[in-house]
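J.: Here the protein sequences come in this chain order: A and B. Okay, so the first sequence: first residue is 2 according to our numbering, each after it adds one. Okay, so the second sequence: first residue is 2 according to our numbering, each after it adds one. Just so you know, even glycine gets a beta-carbon here, dropped at the ideal spot from N, CA and C. Remember, predicted model here, so these are calculated numbers, not experimental data.
2 protein chains.
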Amino acid sequence: MATRTAIIEQIYEDIRDKILKNEYTPGSKLSENSLSADYHCSRTPVREAIKRLEQDGFVTVLPQSGSYVKELTLKDYQHIAEVRTYLESLAFRLNCENEVDITPFSAILDAMDRCDMDNPNEVMTFSDLHFQFHLEMVKASGNEILLTTFNRLNLNTNSLLFYQRLSTQGKVQTQEEHRKILEFLEKRDATRGEKFMFAHLWRKRNAYKRSRV
Amino acid sequence: MATRTAIIEQIYEDIRDKILKNEYTPGSKLSENSLSADYHCSRTPVREAIKRLEQDGFVTVLPQSGSYVKELTLKDYQHIAEVRTYLESLAFRLNCENEVDITPFSAILDAMDRCDMDNPNEVMTFSDLHFQFHLEMVKASGNEILLTTFNRLNLNTNSLLFYQRLSTQGKVQTQEEHRKILEFLEKRDATRGEKFMFAHLWRKRNAYKRSRV
DNA sequence: AAGTTCAAACTAGCATACAAGTATCAGCAA
DNA sequence: TTGCTGATACTTGTATGCTAGTTTGAACTT
């Protein structure tokens, strides 16, 4: 049975995906009326979906006026990268403590290795898998609150965080780092592994910071 | 002008406060009908407030059945403490980078020093100031996303995190650590300061973990 | 022609009505 | 007495109507 309340969830995800895919561009308006027409439902579920999007930082609501897709600045990206760095460092530490199985992680890395970086489609796959890897790290931690916090962290950033290194060379370096992270995880070396994980992510943060000009 | 939409905000905060004050005990039901009667409004704003409470982890909504105040387990407290540790460590590092002024922090610590731990009221004040200190650390970082993330981190935990050390002895130790944190902050020693901040918070996390029996 | 004003149209906030799923409890059977 | 069943009352989910704030643009003034 698809529960009835799933309608809101569905609208939420659909709008969010369209924002992530840039079908709704930053600054564009999200009208309750037109959206309810699009989804063949009343304004109520649309309204609740928009409220959630606002909560999660995708949308800005101006009272009595309208809802607009939020524009993220480079500074926002930097801030998100900062928080992500720390959340994922925590995830790594917890995974060491819990002695998680690394085979699922290895599987993802293997799949990433098989991607041909001269094929745009596979570059996309590579990026998706890359995100999967990091998400899996958080999921495996067994800390639900950490996972929720991570998921809420405006995933707009995926594009910028992970669609960056497109070249075969970039792939090799990224993968080397990922393998090393897994090595530390296998050895349950929380201290050094966390340091490495931190550096892996913080570098990207610094890139945002520098590019502010 | 008090904007009209403030109604939802007001209901949200009121219910949240009542949950924090234990006026609504964990497991108890939050009926849209009775709440809308309490607040002399329709179900719509109440509904949106409850949806926000659900998002923020205070309430569990069972479809077509009802909303209930979430019961937090010791494990939840541990998980929250873990995430807080890392978020505040980040805050400390950013404050070092930004070379923030430490006087507001000192002021809070001074006020804490003046609390008489034999007077229950002042113990309460001490706890509030304690939370203020940590919140200020996050606010000063200038990372809005970090602040939002921190604020959402179910503040139920305050009671357990900060109402713990009630004795004069506990106060002294806590304050010593806080002063040391400020010293590191003043010296802009991100590396060692962050380590100390981490230890300061992680100890509490370990206390939760141990007490699981 | 440019700026201002005011009214009309549009937007979301809120109230209310109805639909549909869930829980409860009385009545019955074993 | 205990366990089951079914009807009823109650809950939230969704639709819709009305209100009030916001925006827009055309007419008017300067």
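Does Ala104(B) get closer than 7 Å to chain A when you measure Cβ to Cβ?
T.: One point to set straight first is that residue 104(B) is Thr, not Ala, in the sequence displayed. No - not a single Cβ of chain A is within 7 Å of the one on Thr104(B).
J.: Starting from the C-beta of Gln133(A), find all residues in its chain whose C-beta is less than 8 Å away, skip the five residues before and the five after it, and write them out in chain order.
T.: Around Gln133(A): Ile109.
J.: What are the start and end residues of each continuous alpha helix (DSSP H) run of 4 or more residues lying completely inside the segment 98-143 of chain B, in chain order?
T.: Segments of the alpha helix (DSSP H) lying fully in the segment 98-143 of chain B: 104-114, 121-141.
J.: Output, in chain order, the set of chain B residues within a Cβ distance shorter than 7 Å of Lys52(A).
T.: What Lys52(A) touches in chain B: Glu49, Lys52.
J.: How long is the line joining the alpha carbons of Glu222(A) and Thr126(A), rounded to whole angstroms?
T.: Since the first and last residues shown for chain A are 2 and 214, residue 222(A) lies out of range.
J.: Under the rule that 16 or more other beta-carbon atoms within 10 Å means buried, what is Val173(A), buried or exposed?
T.: Counting Cβ neighbours within 10 Å, Val173(A) comes out exposed, since fewer than 16 surround it.
J.: Please classify Lys22(B): is it buried, with 16 or more other beta-carbons within 10 angstroms of its beta-carbon, or exposed?
T.: Answer is exposed; the Cβ neighbour count stays below 16.
J.: For Tyr13(B), which residues from the same chain have a beta carbon less than 6 Å from its beta carbon, with the 5 sequence-adjacent residues on both sides left out?
T.: So the list reads Ala50, Arg53, once near-sequence residues are dropped.
J.: Any Cβ of chain A within less than 7 Å of the Cβ of Thr150(B)?
T.: Closer than 7 Å to some Cβ of chain A, the Cβ of Thr150(B) qualifies, so yes.
J.: Of all the CB atoms in chain B, is at least one closer than 7 Å to the CB of Gln133(A)?
T.: So, not an interface residue.
J.: Rounded to whole angstroms, what's the CA-CA distance from Ala7(B) to Leu186(A)? Just pull it up for me.
T.: Cα to Cα, Ala7(B) sits roughly 48 Å from Leu186(A).
J.: Taking Cβ positions only, does Gln11(B) come closer than 7 Å to chain A?
T.: Chain A, which has no Cβ nearer than 7 Å to the Cβ of Gln11(B), makes this no.
J.: Name the residue from Pro64(A), Glu55(A), Lys210(A) whose alpha carbon lies nearest to the alpha carbon of Lys71(A).
T.: For Lys71(A), the nearest C-alpha among the options comes from Glu55(A).
J.: By the 8 Å beta-carbon criterion, what residues does the segment 74-104 of chain B contribute toward chain A?
T.: Here the close residues are Asp77, His80, Ile81, Glu83, Val84, Thr86, Tyr87, Leu88, Ser90, Leu91, Leu95.
J.: Which residues does DSSP list as the beta-bridge partners of Tyr69(B)?
T.: Answer is Lys30(B), Thr61(B), bridged to Tyr69(B).
J.: Look at the Cβ atom of Thr169(B), then the Cβ atom of Met113(B), and state whether they are nearer than 7 Å.
T.: For Thr169(B) and Met113(B), no; Cβs fall outside 7 Å.
J.: For Thr4(B), count the other beta carbons within 10 Å of its own beta carbon; 16 or more makes it buried, fewer makes it exposed. Which is it?
T.: Per-residue confidence for Thr4(B) stands at a pLDDT of 47, beneath the threshold of 50, marking its modelled position as unreliable; the derived number appears in the next sentence. Label assigned to Thr4(B): exposed.
J.: Three-state secondary structure (DSSP) at Leu186(A)?
T.: Helix, per DSSP.
J.: Thinking C-alpha only, which one of Tyr78(B), Ser142(B), Ser128(B) is nearest Glu89(B)?
T.: Here the closest residue by C-alpha is Ser142(B).
J.: Is there a Cβ from chain B that is less than 7 Å from the Cβ of Ile146(A)?
T.: Yes, its Cβ sits closer than 7 Å to a Cβ of chain B.
J.: Please report the Cβ distance between Gly171(A) and Ile182(A), rounded to the nearest whole angstrom; I am assuming they are in contact, meaning their Cβ atoms lie under 8 Å.
T.: Actually they do not touch by this definition, with Cβ atoms about 17 Å apart.
J.: If we call anything under 7 Å between Cβ atoms a contact, is Ala200(B) one with Met138(B)?
T.: Going by C-beta atoms, Ala200(B) is not nearer than 7 Å to Met138(B).
J.: Identify which residue in Glu145(B), Val60(B), Glu10(B), Leu136(B) has its Cα closest to the Cα of Ile20(B).
T.: Out of Glu145(B), Val60(B), Glu10(B), Leu136(B), Val60(B) has the C-alpha closest to the C-alpha of Ile20(B).
J.: Consult DSSP for Leu75(A) and reduce its assignment to one of helix, strand or coil.
T.: Correct three-state label for Leu75(A): helix.
J.: Please tell me whether Gln56(B) has its Cβ less than 7 Å away from any Cβ of chain A.
T.: True, the Cβ-Cβ gap to chain A drops below 7 Å.
J.: What does a CB cutoff of less than 6 Å around Val101(A) pick up in its chain, not counting 5 residues either side in sequence?
T.: Taken in chain order, the residues that qualify are Ala141.
J.: Is Glu195(A) helix, strand or coil by DSSP?
T.: Glu195(A): helix per DSSP, three-state reduction.
J.: Look at the alpha carbon of Thr104(B) and the alpha carbon of Glu123(B), and state the distance between them as a whole number of angstroms.
T.: One C-alpha to the other measures close to 22 Å.
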